[in-house]
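Enquirer: Counting from 1, position 56 in the sequence shown corresponds to residue 56 in the UniProt record's numbering; the numbering is continuous, with no gaps.
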Amino acid sequence: MHSLVFFCAQKVISDHASTRKALDSIPHEIYPVLFKAAFLDQRILVLRDLVQMWPFAELNFSSILKKSKHCDQDMIREKPNKQCLQAVILGVKDYVINELRQNRSLTSRKTRASTSKDKYTFRKNRLLRIVDLTGFPDDGDNQDEDTISQWSRSVALAKACIEVSRTSKREEYNSSKRRKGKGGVPMKGSCDSQMCVNIHANLFITSHSYGTVKDALHLSQTFPLCLKCRVLRVEELSVKKTISILELLDPMVLRKIELRYNNLGLCCLSTVFPYIPRFVNLNSLKLPYSNIDVRYMTLEVEEFFQKMVSVLSQLPNLKELNLVSSRLSGRIRELLSVLQQPLESLELAYCFLLPADVTYLASSHHAATLKKLDVSGNNLSDVLLNPFCQLLQQASNSLIYLDIMECRVMDRQLSAFLPALRQCSQLQYFSCFCNPISSEGLKSLLHCVVELPNLKVVVHPNPVDCYEEGLPWPPSTYDLIDYSVDQEKLSRVDAELNEIRLNAVRTDIVTTVKLYNIEWY
């Protein structure tokens, strides 16, 4: 639904020439509505003009594109349109370059007469200080050709910063030449803090984009378009390159660090660890697929592990921790007991957990605050089952997202923790994908979870009794994924599951055998 104000805004922006002429006389409070309308209708030229005329100190995408009284479309949850975002970046770049030229013009006049009043007026009228492009979702599995990926956004922003720095150098050089010709002294290029526009962004850096982004971050320290990283995602970078990026980031702005698929191991990570505590506002640390293994400890590896423990103890605001595919058998208590605050998100998939690890979690200060818990790939079919049920009970009042994919859960184990699952009143997402569960087990599960008022998604496996004859027992993950399924049997089970949802009046719940992306926060 759109309000009358929003419909009027769409009408105003439908003609670019008219909009451009009218921007000076449009009330400032209408600008955010015009911006969202232009973004929705993909009015590229209007977006660029709006940025250059922006009347506030901050241009915040999350605030403007979220669901509002004028437009109930929550555009910040959607992948951004490529042309629209590029138009905004160009608008910011043009804005800064224009301000540079005006400032140089004022400085030049100051050499001929006292223009302190002019300078004051210029600074007073200039408002834009922050452009916040954070808030858009991660790329996910599919990338639409009309949208722009996080990696491409990072590169586009970096190139804009580099181009502004070049323009600034060129303008400073020309200005210096003119002053030298009139007896002046050339000035060294430096960034006046009152001239800076800070772009807050989530950066995704790989080996292909490393050089460009690093140059932009380095130039941001001395030039007026400053790239500030809120969320850092680094993929397949060496230790040296990772550290060089961390050294250039603003320690007050960074909130999340994700180092993934780097295969660094504890030895190399211990070189990176000392650079992490300087980010005092860090609330999320993700180290998935980093080849951490503490099962076969030497004195040297133990030293590296203790460095990791020490770093975690120095992160006072940490709420999210991802150690997926780290072999942490028996060491969870040491890692998590040093955290100053209880976690809200804990991902320990494929971590070879032992009963002592899960027992600690169930009794820890983290259990009652967990909103996301991922223990995929850990064997819940045997000795981990009872402590896992205890953990589920302790987290039942807060848990939103639960993933037990590939945990060797069969009907017996499923029945054992359904009573605890039934207590999870806040649960929105539950995945038991790739577990050997029968159709009867799935029906029992669905009868349980339809009682959960906030549940949105259930990701379940194909029932083991719907496979063609000859399925090995117990089936491996590969068997459950690759073995032939009897589509006729599967259709009958799907119909029965759908009937359970209909009888419970819960058609809002999605039941699927496909991995499903959902934001837990």
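Every residue, glycine too, gets a C-beta built ideally from N, C-alpha and C.
1) From this set, Tyr350, Ile400, Leu370, which residue's C-alpha is nearest Val380's C-alpha?
2) Exposed or buried, Glu347, counting other C-beta atoms within 10 Å across all chains shown (16 or more means buried)?
3) Excluding the 5 residues preceding and the 5 following Leu384 in the sequence, name in chain order all residues of the same chain whose CB lies nearer than 7 Å to its CB.
4) Are Val464 and Ser484 closer than 7 Å when you measure CB to CB?
5) Any C-beta of chain C sitting closer than 7 Å to the C-beta of Ala37?
6) Between Lys134 and Arg230, is the Cβ-Cβ spacing less than 7 Å?
7) Looking only at its own chain, which residues have a Cβ that is under 6 Å from the Cβ of Leu59, when we skip the five neighbours before and after it?
8) Less than 6 Å between C-beta atoms, sequence neighbours within five positions excluded: which residues of the same chain meet that for Arg327?
9) Determine, using beta carbons only, whether Ile162 and Lys82 come nearer to each other than 7 Å.
10) With DSSP run on the structure shown, which of helix, strand or coil describes Ala349?
11) Would you mind reading off the limits of the alpha helix (DSSP H) that contains Ile13?
12) To the nearest angstrom, how far is it from the Cα of Ala22 to the Cα of Ser14?
13) Can you tell me where the alpha helix (DSSP H) holding residue 530 begins and where it ends?
14) Name the DSSP bridge partner or partners of Phe204?
15) Verify whether the separation of the beta carbon atoms of Phe305 and Cys267 is less than 7 Å.
16) Is the CB-CB distance between Arg506 and Val450 below 7 Å?
17) Which partner residues of Asn503 appear in the DSSP bridge assignment?
18) Is there contact here, the region 47-65 with the region 81-96, by at least three beta-carbon pairs under 8 Å?
19) From what residue to what residue does the beta strand (DSSP E) around Lys286 run?
20) Just the Cα atoms here: how many angstroms apart are Val309 and Asp138?
21) Curious, which full-length beta strand (DSSP E) runs of at least 3 residues does the region 351-413 contain?
22) Give me the Cβ distance between Leu312 and Leu339, rounded to the nearest whole Å; I'm assuming they're in contact under 8 Å.
23) Helix or strand or just coil, what does DSSP make of Tyr429?
24) Around the Cβ of Pro387, are there at least 16 other Cβ atoms within 10 angstroms (buried) or fewer (exposed)?
25) Can you give the beta carbon distance from Leu442 to Leu497, rounded, assuming they're within the 8 Å contact cut?
26) Beta-carbon within less than 6 Å of Ser62's beta-carbon, same chain only, minus the 5 sequence neighbours each way: which residues are those?
27) Compute every distance between the C-beta of Leu227 and the non-hydrogen atoms of the ligand HEM, then say whether any falls below 6 Å.
28) Enumerate, from N- to C-terminal direction, the unbroken alpha helix (DSSP H) stretches of 4 or more residues contained entirely within the region 50-109.
29) Which residues in the same chain as Cys448 place their Cβ atom closer than 8 Å to its Cβ, once the five residues preceding and following it in sequence are excluded?
30) Check this for me: beta carbons of Lys456 and Gln426, under 7 Å apart or not?
31) So, using beta-carbon positions, are Ala362 and Leu391 closer together than 7 Å?
32) Taking 7 Å as the threshold (C-beta atoms), are Ile404 and Lys371 in contact?
33) What do you get for Ala17, buried or exposed, if any count of 16 or more other CB atoms within 10 angstroms of its CB means buried?
34) In angstroms, rounded to a whole number, what distance separates the CA positions of Ala9 and Leu34?
35) If you count every other CB in all the chains shown that lies within 10 Å of the CB of Lys169, and 16 or more means buried, which is it?
36) From the DSSP output, in three-state form, read off Asp293 for me.
Expert: In short:
1) As a working note, residue 380 is residue 380 in the sequence shown. For clarity, residue 380 is Leu in the given sequence; the question names Val instead. For the residues Tyr350, Ile400, Leu370, the minimum Cα distance to Leu380 belongs to Tyr350.
2) What you label residue 347 is simply residue 347 of the sequence shown in a count that begins at 1. Buried, since its Cβ has 16 or more Cβ neighbours within 10 Å.
3) Residue 384 sits at position 384 when you count from the first residue of the sequence shown. The answer, listed in chain order, is Leu353, Pro355, Val358, Asn378.
4) Taking the first residue of the sequence shown as 1, we reach residue 464 at position 464. Taking the first residue of the sequence shown as 1, we reach residue 484 at position 484. Not in contact: Val464 and Ser484 (Cβ atoms no closer than 7 Å).
5) Protein chain content of the structure displayed is limited to a single chain, and chain C is not contained in it.
6) By 1-based counting over the sequence shown, the position of residue 134 is 134. By 1-based counting over the sequence shown, the position of residue 230 is 230. Note that residue 134 corresponds to Thr in the displayed sequence, not to Lys. In this structure, Arg230 lies closer than 7 Å to Thr134 by Cβ.
7) Residue mapping note: residue 59 aligns to position 59 of the sequence shown, counting from 1. Contacts found: Val131.
8) What you label residue 327 is simply residue 327 of the sequence shown in a count that begins at 1. Counting only Cβ-Cβ distances below 6 Å, and skipping sequence neighbours, we find Asp293, Arg295, Phe352.
9) Mapped onto the sequence shown, residue 162 falls at position 162. Mapped onto the sequence shown, residue 82 falls at position 82. Not a contact, by the Cβ cut-off of 7 Å.
10) Reading the sequence shown from its first residue, position 349 is the one you call residue 349. Of the three classes helix, strand and coil, the one that applies to Ala349 here is coil, per DSSP.
11) Residue 13 sits at position 13 when you count from the first residue of the sequence shown. Taken as a continuous stretch (DSSP letters only), the alpha helix (DSSP H) holding Ile13 covers 4-13.
12) Position 22 of the sequence shown, counted from the first residue, corresponds to residue 22. Position 14 of the sequence shown, counted from the first residue, corresponds to residue 14. For Ala22 and Ser14, the distance between alpha carbons rounds to 13 Å.
13) Limits of the chain in this structure are 1 at one end and 521 at the other, which puts residue 530 out of reach.
14) Along the sequence shown, read from residue 1 onward, the residue named residue 204 stands at position 204. Note: Phe204 sits in a beta bridge opposite Arg233.
15) Your numbering for residue 305 matches position 305 in the sequence shown. Your numbering for residue 267 matches position 267 in the sequence shown. No, they are not a contact pair.
16) Translated into positions along the sequence shown, residue 506 becomes position 506. Translated into positions along the sequence shown, residue 450 becomes position 450. Yes.
17) Here residue 503 corresponds to residue number 503 of the sequence shown, with the count starting at 1. Paired residue(s): none; Asn503 is not in a bridge.
18) yes
19) Counting from one through the sequence shown, the residue named residue 286 turns up at place 286. Counting along the chain, the beta strand (DSSP E) containing Lys286 begins and ends at 284-286.
20) By 1-based counting over the sequence shown, the position of residue 309 is 309. By 1-based counting over the sequence shown, the position of residue 138 is 138. Near 29 Å, if we compare the C-alpha coordinates of Asp138 and Val309.
21) 372-374, 401-403
22) Residue 312 sits at position 312 when you count from the first residue of the sequence shown. Residue 339 sits at position 339 when you count from the first residue of the sequence shown. At roughly 6 Å, the Cβ-Cβ gap stays under 8 Å, so Leu312 and Leu339 are in contact.
23) On the sequence shown, position 429 is the one that residue 429 refers to. Here Tyr429 sits in strand by DSSP.
24) One-based indexing of the sequence shown puts residue 387 at position 387. Per the 10 Å Cβ criterion, buried.
25) Taking the first residue of the sequence shown as 1, we reach residue 442 at position 442. Taking the first residue of the sequence shown as 1, we reach residue 497 at position 497. Yes, Leu442 and Leu497 are in contact; Cβ-Cβ is about 7 Å, under 8 Å.
26) In the sequence shown, residue 62 corresponds to position 62, counting from 1. Correct list, in chain order: Ile76, Gly135.
27) Annotation note on the ligand HEM: not contained in the displayed structure, which lists no ligands.
28) 61-65
29) On the sequence shown, position 448 is the one that residue 448 refers to. The residues are Leu418, Leu421, Arg422.
30) Numbered from 1 along the sequence shown, position 456 holds the residue referred to as residue 456. Numbered from 1 along the sequence shown, position 426 holds the residue referred to as residue 426. Cβ distance not < 7 Å, so Lys456 and Gln426 don't count as in contact.
31) On the sequence shown, residue 362 is found 362 positions in, with the first residue counted as 1. On the sequence shown, residue 391 is found 391 positions in, with the first residue counted as 1. Yes, the pair counts as a contact, with Cβ atoms nearer than the cut-off.
32) In the sequence shown, the residue the question calls residue 371 occupies position 371. In the sequence shown, the residue the question calls residue 404 occupies position 404. Taking 7 Å as the Cβ cut-off, Lys371 and Ile404 do not qualify as a contacting pair.
33) Within the sequence shown, the letter at position 17 stands for residue 17. With fewer than 16 Cβ atoms within 10 Å of its Cβ, Ala17 is classed as exposed.
34) Reading the sequence shown from its first residue, position 9 is the one you call residue 9. Reading the sequence shown from its first residue, position 34 is the one you call residue 34. When rounded, the distance between both Cα atoms is 5 Å.
35) As a first step, residue 169 must be located in the sequence shown, where it is residue number 169. Classification of Lys169: exposed, given that the 10 Å Cβ count is below 16.
36) The residue given as residue 293 occupies position 293 in the sequence shown. In this structure, Asp293 counts as strand in the three-state DSSP scheme.
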